[in-house]
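Comments concern the structure below.
In full-length UniProt numbering, the protein residues as written are 1 to 71.
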């Protein structure tokens, strides 16, 4: 396993939670569509799982120690 993959695995859960939280708050903030919640909420869950992986992969190299500048 590469270092990038390991960092991305650690980030995946956190990014997934943020995307899910944002999506679920967005959906639940519109009571007019409450009849569609049983269909929209699973879409939010799947979207958060799918979108978290590439975002974690993009962010991971930026968190490596060798990319830190001396201050």
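Cβ coordinates follow ideal geometry from the N, Cα and C atoms, glycine included. Nothing here was measured: the structure is a model prediction, and the numbers come from that model.
Closest residue to residue 44 among 59, 35, 21, 57 (Cα-Cα distance)
For the purposes of this step, residue 44 is identified with residue 44 of the chain shown, where counting begins at 1. Check the Cα spacing between residue 44 and each of 59, 35, 21, 57: the tightest is with 21.
Is DSSP giving residue 30 helix, strand or coil here?
Taking the chain shown and counting its residues from 1, the one referred to as residue 30 is at position 30. Residue 30 falls in the coil class under three-state DSSP.
Looking only at C-alpha atoms, which of 29, 23, 27, 55 sits nearest to residue 12?
For this step, residue 12 is matched to residue 12 along the chain shown. Ranking the options by Cα distance to residue 12, first place goes to 55.
For residue 8 and residue 60, believed in contact at Cβ under 8 Å, the rounded distance:
Mapped onto the chain shown, residue 60 falls at position 60. Mapped onto the chain shown, residue 8 falls at position 8. 4 Å between Cβ atoms; contact.
Could you have a look at residue 6 and say whether DSSP puts it in helix, strand or coil?
Locating residue 6 in the chain shown gives position 6, where the first residue counts as 1. Collapsing the DSSP output to three states places residue 6 in a helix.
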